[in-house]
Amino acid sequence: MITAGNHDPKGEIGMNPKEACEAKWLPLEGAERIERVRSIVMETARRLKDPEEIERFALAEEQKRIEQGKFYVKWNGLHLARGYSGLCLLFGELDRLEPDGQWDVAGHRYVVLMQQALERQGIESLSLWSGMAGVVTSIQALSRQGTRYGNMLRSLNDFFLRMFPEYMYVVRRNIKEGVLMSDYDVMQGLSGIGRYLLHFKEHPEMRIALTQVLEYMVELCEYKEMQNTRVPGWYISPDRLISSSDQELYPEGYFNGGVSHGIPGPLALLSLAHQQGVEVEGGRETIRSIAEWLMRFTIRDEYGPYWPAHVSWQDQAAGAASGSSPREAWCYGGPGVARTLWLAGQALGEPAWRQAAIESFLGTARRPERLWNLHSATFCHGYAGLLQMTQRMIADAGTAELIPLRDRLVDRIVQSYDASAPYGFAELEEGEKLHFAGVLDGAAGVALALLAVMQDREPEWDRVFLLN
Numbered sequence: 469m470i471t472a473g474n475h476d477p478k479g480e481i482g483m484n485p486k487e488a489c490e491a492k493w494l495p496l497e498g499a500e501r502i503e504r505v506r507s508i509v510m511e512t513a514r515r516l517k518d519p520e521e522i523e524r525f526a527l528a529e530e531q532k533r534i535e536q537g538k539f540y541v542k543w544n545g546l547h548l549a550r551g552y553s554g555l556c557l558l559f560g561e562l563d564r565l566e567p568d569g570q571w572d573v574a575g576h577r578y579v580v581l582m583q584q585a586l587e588r589q590g591i592e593s594l595s596l597w598s599g600m601a602g603v604v605t606s607i608q609a610l611s612r613q614g615t616r617y618g619n620m621l622r623s624l625n626d627f628f629l630r631m632f633p634e635y636m637y638v639v640r641r642n643i644k645e646g647v648l649m650s651d652y653d654v655m656q657g658l659s660g661i662g663r664y665l666l667h668f669k670e671h672p673e674m675r676i677a678l679t680q681v682l683e684y685m686v687e688l689c690e691y692k693e694m695q696n697t698r699v700p701g702w703y704i705s706p707d708r709l710i711s712s713s714d715q716e717l718y719p720e721g722y723f724n725g726g727v728s729h730g731i732p733g734p735l736a737l738l739s740l741a742h743q744q745g746v747e748v749e750g751g752r753e754t755i756r757s758i759a760e761w762l763m764r765f766t767i768r769d770e771y772g773p774y775w776p777a778h779v780s781w782q783d784q785a786a787g788a789a790s791g792s793s794p795r796e797a798w799c800y801g802g803p804g805v806a807r808t809l810w811l812a813g814q815a816l817g818e819p820a821w822r823q824a825a826i827e828s829f830l831g832t833a834r835r836p837e838r839l840w841n842l843h844s845a846t847f848c849h850g851y852a853g854l855l856q857m858t859q860r861m862i863a864d865a866g867t868a869e870l871i872p873l874r875d876r877l878v879d880r881i882v883q884s885y886d887a888s889a890p891y892g893f894a895e896l897e898e899g900e901k902l903h904f905a906g907v908l909d910g911a912a913g914v915a916l917a918l919l920a921v922m923q924d925r926e927p928e929w930d931r932v933f934l935l936n
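Residue numbers for the sequence shown follow the numbering used here, so the first one is 469 and each next one is one higher.
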């Protein structure tokens, strides 16, 4: 049975950041709370066992969205974000925690469907969240530490390696012709791909590919002269902005400050690789350059520090951010950026960056919930993401003051559970409820975050968010 582990909190919290590596994963306490969380997780997992029903509902008329005058469906079985791949992460974690619970059987159904989809339609990208890196990561989660699906994983990794040189050629060319966020970001680009490669760093060819990714990050982050101004290389020019709203708001382009699509993603990857002994020339300097840039654009309110989603050309020239409200999300928010600063501080031994990260999370705890700008239980921009990041900081920094925030977030998620909803949790888009099964903004991501706080062992699945 999946339950919270026993622990003695004495001596494990309120630690100096330098001792963070010795901190432990502290689970929830309280029998009633634990049982309520466990029952919700198990019921959510049960509802996610039927792939045919999940696909049928994903393609239903009420799930269709309109963008630029056309209907589209947020569904692709091979996507980690909302497809079968993300569900493999959930069943892989359940299997890790309860190996006799037949969760591997449930997960295997999704592996078979992904294999069939690959044979039928191929793969659209190499990315982590909508491509091959995500497919491999999801299957690896079900592999019981590589003891299963060995031939399939080798075959998919070989495919990735064959396609990788062409991909690198394009993104390197874009450094000169105009950088796209999708070149380097977590969702579609090299930050996410690099995290996948880091997991396989003991494989010589994968390590070479990882090294090339890290070298690209160093090149991306070199400063350059533009319009008589020295700016970071991750500048996105107006003609490279994807959305029309961004083009209107930032007619001179911007510097993206979110974890999902911005420069904190490369910072997290470089820092994690450094901690795992994978370094490239200029890597330390690039970590420092990004971290100091983020520190320079810190915003403070009466509760604590946070960071802007975007830094305009004018703000970059002025050296300070302006006009941004806090948001307590992973994708574009203070806690997401703070977590990457923590990782950078751990990598290079910089207490100021770690302290800024801790202060940001403490600021979140103090900031009234009405100012959080979170509207659903889901991971990407909801309570589950903040919960997982908070739990990580409790474990790494030993910050006892964050435990009440963690418990409050659990209660908030439990309160949002709706037994009449298809998967128990809904995503809100422009005030409208949508029902996604997956990890990014669906029920599987919520279940994973709840599972994580019930255990006394840290999870592995949140590496896809570059949290570890």
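Glycine included, every Cβ here is placed at the ideal spot set by N, Cα and C.
On a predicted model such as this, the values are computed, not experimentally measured, just so you know.
Cβ-based burial, residue i [other Cβ within 10 Å; buried from 16]
i: Val-638; result: exposed
i: Asp-568; result: exposed
i: Pro-633; result: exposed
i: Ala-815; result: buried
i: Ala-912; result: buried
i: Asp-651; result: buried
i: Asn-936; result: buried
i: Ala-887; result: exposed
i: Gly-804; result: buried
i: Ile-676; result: exposed
i: Pro-776; result: buried
i: Val-932; result: buried
Residues near residue i in its chain [Cβ-Cβ closer than 7 angstroms; skip 5 each side]
i: Tyr-686; result: Reading off the sequence shown, one finds Val at residue 686, where the question assumed Tyr. Cβ neighbours of Val-686 beyond the five flanking positions: Val-748, Gly-750, Gly-751, Thr-754.
i: Arg-925; result: Trp-493
i: Gly-599; result: Ile-591, Glu-592, Ser-593
Reduced DSSP category for residue i - H, G, I as helix; E, B as strand; rest coil
i: Glu-926; result: coil
i: Asn-936; result: coil
i: Thr-697; result: strand
i: Val-921; result: coil
i: Ile-502; result: helix
i: Tyr-941; result: Here the chain covers residues 469 to 936 and nothing more, so residue 941 does not appear.
i: Glu-690; result: coil
i: Tyr-774; result: strand
i: Asn-724; result: strand
i: Lys-644; result: helix
i: Arg-612; result: coil
i: Leu-908; result: coil
i: Ile-767; result: strand
i: Val-603; result: helix
i: Glu-592; result: coil
i: Ser-780; result: strand
Between the CA atoms of residue j and residue i - distance to the nearest angstrom
i: Ile-653; j: Gln-570; result: The sequence given here places Asp at residue 653; Ile does not occur at that position. Roughly 36 angstroms between the two C-alpha positions.
i: Trp-840; j: Pro-672; result: 44 angstroms
i: Thr-766; j: Val-647; result: 24 angstroms
i: Gly-602; j: Ala-797; result: 22 angstroms
i: Gly-590; j: Arg-506; result: 37 angstroms
i: Ser-763; j: Thr-615; result: One point to set straight first is that residue 763 is Met, not Ser, in the sequence displayed. If I take the Cα positions, the gap works out to 43 angstroms.
i: Leu-902; j: Met-631; result: 35 angstroms
i: Leu-516; j: His-576; result: 13 angstroms
i: Gly-801; j: Asp-875; result: 20 angstroms
i: Leu-918; j: Leu-682; result: 33 angstroms
i: Phe-893; j: Val-914; result: 8 angstroms
i: Gln-883; j: Ala-812; result: 35 angstroms
i: Arg-838; j: Tyr-774; result: 16 angstroms
i: Leu-916; j: Ile-508; result: 11 angstroms
i: Glu-490; j: Gln-584; result: Residue placement at Glu-490 is poorly supported in this model, since its pLDDT is 45, which falls under 50; the coordinates still yield a value, given next. Roughly 44 angstroms separates the two Cα atoms.
i: Thr-697; j: Glu-898; result: 38 angstroms
i: Gly-817; j: Gly-745; result: 15 angstroms
i: Asp-518; j: Arg-501; result: 28 angstroms
Same chain, Cβ closer than 6 angstroms to residue i, five either side skipped, listed in chain order
i: Asp-783; result: Ala-789, Ser-790
i: Asn-544; result: Gly-551
i: Arg-880; result: Tyr-851
Residue j beta carbon less than 7 angstroms from that of residue i
i: Ser-606; j: Gly-660; result: no
i: Leu-737; j: Gly-853; result: no
i: Gln-859; j: Ala-806; result: no
i: Val-779; j: Gly-701; result: no
i: Ala-549; j: Gly-831; result: no
i: Trp-929; j: Glu-561; result: yes
i: Ala-833; j: Leu-873; result: yes
i: Ala-609; j: Cys-556; result: yes
i: Pro-828; j: Gly-787; result: At residue 828 the sequence reads Ser, which differs from the Pro that was named. No, the Cβ-Cβ distance between Ser-828 and Gly-787 is not below 7 angstroms.
i: Pro-706; j: Gly-721; result: yes
i: Met-423; j: Ser-728; result: Shown here, the chain extends from 469 to 936; a query on residue 423 therefore has no answer.
i: Leu-666; j: Leu-658; result: no
i: Leu-740; j: Ile-758; result: no
i: Tyr-703; j: Phe-723; result: yes
i: Pro-495; j: Gln-923; result: yes
Contacting residues, own chain, Cβ-Cβ under 8 angstroms from residue i (five flanking each side not counted)
i: Trp-810; result: Trp-821, Arg-822, Ala-825, Ile-826, Met-861, Asp-864, Ala-865
i: Leu-842; result: Arg-795, Glu-796, Ala-797, His-849, Gly-850, Tyr-851, Leu-854
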